[in-house]
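> Supplied in structure tokens, the structure appears directly below.
Protein chains in written order, with the working numbering: chain A, 20 to 130; chain B, 86 to 201.
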């Protein structure tokens, strides 16, 4: 699986958009980009995933660059409950669904 | 609530002992994954089962073993416990339909194991 690089930490004001970047310059053509988050020792929570096209769901939007070497997770209106560690993972979608979690980005949403 | 249940929530035991952690996947999910999260190692994939069969292995010690039963629940057995085995153990499940992505994993609340 391709390695991803994320900033260690980020701050965001409550109500503003949180934009979390991820670099995955060695991603292969059939690897997806997945985002998960973990709120203080709870089980990680799936957020969104994409292959080439931008994706949006009720939680977030995922913007993937055309060359697929980087992506950005956007939380459109961050709340205090979005404070968590966010993990960007590049992985094959297939029968062996192993997720390799890095250190992620600690997002702190402040009032 | 992800729909994945894990028992027990907390477990305190002594070095050298053996424990069993239990996981019930979401209804309809065929795949179960086990992860270990310790302070210094982060979240590490241990092992995956799909419909009762072992599918993938990660950084799982030989002292650890797992199985998935016909009703699809899974157990992780940890034996000859050491202080360093103290960690959060998470179970996750996914649908695992043929041809479908199995990376949308839904995690349980975890079992916190403390070895003293």
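Positions of the beta carbon are idealized from the N, C-alpha and C atoms, including for glycine.
For residue 169/B, does the three-state DSSP call read helix, strand or coil?
Here the question's residue 169/B lines up with position 84 in the second chain. Looking at residue 169/B - three-state DSSP - the assignment turns out to be helix.
> What are the residues in the segment 61 to 73 of chain A lying within 8 Å of chain B by C-beta distance?
Residues 61, 62, 63, 64, 65 and 68.
> List, in chain order, every chain B residue whose beta-carbon is nearer than 8 Å to that of residue 137/A.
This structure leaves residue 137/A out entirely; chain A is present only between 20 and 130.
> Could you tell me the boundaries of the beta strand (DSSP E) in which residue 127/A lies?
Working through the first chain from its first residue, we reach residue 127/A at position 108. Start and end: 124 to 129.
> Between the Cα of residue 71/A and the Cα atoms of 65/A, 84/A and 60/A, which residue gives the shortest distance?
Within the first chain, residue 71/A is the residue found at index 52, counting from 1. For residue 71/A, the nearest C-alpha among the options comes from 84/A.
> For residue 194/B, would you say it is in contact with chain A, using Cβ-to-Cβ distances shorter than 9 Å as the test?
Looking up residue 194/B in the second chain gives position 109. So, interface residue.
> CA-CA distance, residue 119/A and residue 102/A?
Numbered from its first residue, the first chain carries residue 119/A at position 100. Numbered from its first residue, the first chain carries residue 102/A at position 83. Taking the straight line from one Cα to the other gives about 21 Å.
> Which of helix, strand or coil does DSSP assign to residue 86/A?
Within the first chain, the letter at position 67 stands for residue 86/A. Here residue 86/A sits in coil by DSSP.
> What whole-angstrom Cβ distance do residue 88/B and residue 191/B have, given they're in contact under 8 Å?
Here residue 88/B refers to the residue found at position 3 of the second chain. Here residue 191/B refers to the residue found at position 106 of the second chain. Contact holds; Cβ gap of about 6 Å.
> Please report how far the alpha carbon of residue 82/A lies from the alpha carbon of residue 168/B, in whole angstroms.
For this step, residue 82/A is matched to residue 63 along the first chain. For this step, residue 168/B is matched to residue 83 along the second chain. Straight-line Cα distance between these residues: approximately 43 Å.
> Using the beta-carbon count (16 or more within 10 Å), is residue 45/A buried or exposed?
Sequence index remark: in the first chain, residue 45/A carries index 26 (1-based). Burial call: exposed.
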